[in-house]
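Engineer: In full-length UniProt numbering, the protein residues as written are 1 to 74. Each residue gets a CB set at the ideal place from its N, CA and C atoms; glycine is no exception. Handing you this structure, nothing more for now.
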């Protein structure tokens, strides 16, 4: 089932405003549970976690910044 443009736009805003900050807090908390790893390993963990969240949500964000394709030209 494909999401409409309006739904994707609202969902992407919700993800960026609510879910992403929560994801950041959880990621930092989980990394802090382990003893401080070497700098390069810690950097790799944060870069990996920073990229991983976007892959499952790629379909939601695709085309959101464009004009509504379903809108009629007036």
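For a test of the three-state rule: what should DSSP assign to residue 4, helix, strand or coil?
Structural biologist: Numbered from its first residue, the chain shown carries residue 4 at position 4. Three-state result, residue 4: coil.
Engineer: CB residue 69 to CB residue 63, shorter than 9 Å?
Structural biologist: Residue mapping note: residue 69 aligns to position 69 of the chain shown, counting from 1. Residue mapping note: residue 63 aligns to position 63 of the chain shown, counting from 1. A contact, by the Cβ cut-off of 9 Å.
Engineer: So, helix, strand or coil for residue 57, using DSSP?
Structural biologist: Locating residue 57 in the chain shown gives position 57, where the first residue counts as 1. Here residue 57 sits in coil by DSSP.
Engineer: Check residue 48 in the structure and name its three-state DSSP category.
Structural biologist: The residue you call residue 48 lines up with position 48 of the chain shown. Here residue 48 sits in helix by DSSP.
Engineer: Taking a contact to mean a Cβ-Cβ separation below 9 Å, would you say residue 31 touches residue 37 in this structure?
Structural biologist: Indexing the chain shown from 1 puts residue 31 at position 31. Indexing the chain shown from 1 puts residue 37 at position 37. Yes. Within cutoff.
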